[in-house]
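Residue numbers (this note's numbering): 640 to 706. Yeah, the Cβ is synthetic: ideal placement off N, Cα and C, and Gly gets one too. Treat the numbers as computed from the prediction; the structure is a model and nothing was measured. I have placed the structure first, in the form of structure tokens, so that the comments after it can refer back to it.
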Amino acid sequence: MFTENIGFKLHSQIRAEIDNITSYPAHVHPNALEMILVLKGQVRISDTVLKHRLSPGDIHIFNMGDP
């Protein structure tokens, strides 16, 4: 697991991306919440305690420091 710091533009507290991901290593954000919204397909994620399968329209929010 690694720490991934989010860089924000000056005077902005929000950064948004649209990604097509097949795999992504476990990580934490010490300076940001991470929200995942599934647009298409399914995503398997793990948080501190549970594993989840997300489908289109599902949202998951990771707290700061939550792997």
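Next on the checklist: For ASN659 and VAL677, I'd like the C-alpha separation in whole angstroms.
Outcome noted: As a first step, residue 659 is located in the sequence shown; it is residue number 20 there, counting from the start. As a first step, residue 677 is located in the sequence shown; it is residue number 38 there, counting from the start. Each residue's Cα considered, the two are about 10 angstroms apart.
Item to check | Beta-ladder partner(s) of SER685, from DSSP | outcome: Along the sequence shown, one-based indexing puts residue 685 at 46. Looking at the DSSP assignment, SER685 forms a beta bridge with LYS690.
Item to check | Element boundaries [beta strand (DSSP E), containing ILE675] | outcome: Stepping through the sequence shown from its first residue, residue 675 is reached at position 36. Counting along the chain, the beta strand (DSSP E) containing ILE675 begins and ends at 673 to 676.
Checklist entry - Whole-angstrom Cβ separation of ILE684 and HIS666, contact assumed at under 8 angstroms? => result Walking along the sequence shown from the start, residue 684 turns up at place 45. Walking along the sequence shown from the start, residue 666 turns up at place 27. Actually they are not in contact, since the Cβ atoms of ILE684 and HIS666 sit about 12 angstroms apart, beyond 8 angstroms.
Item to check | For PHE641, the three-state DSSP class (helix, strand or coil) | outcome: Reading the sequence shown from its first residue, position 2 is the one you call residue 641. Note: PHE641 maps to strand in three-state DSSP.
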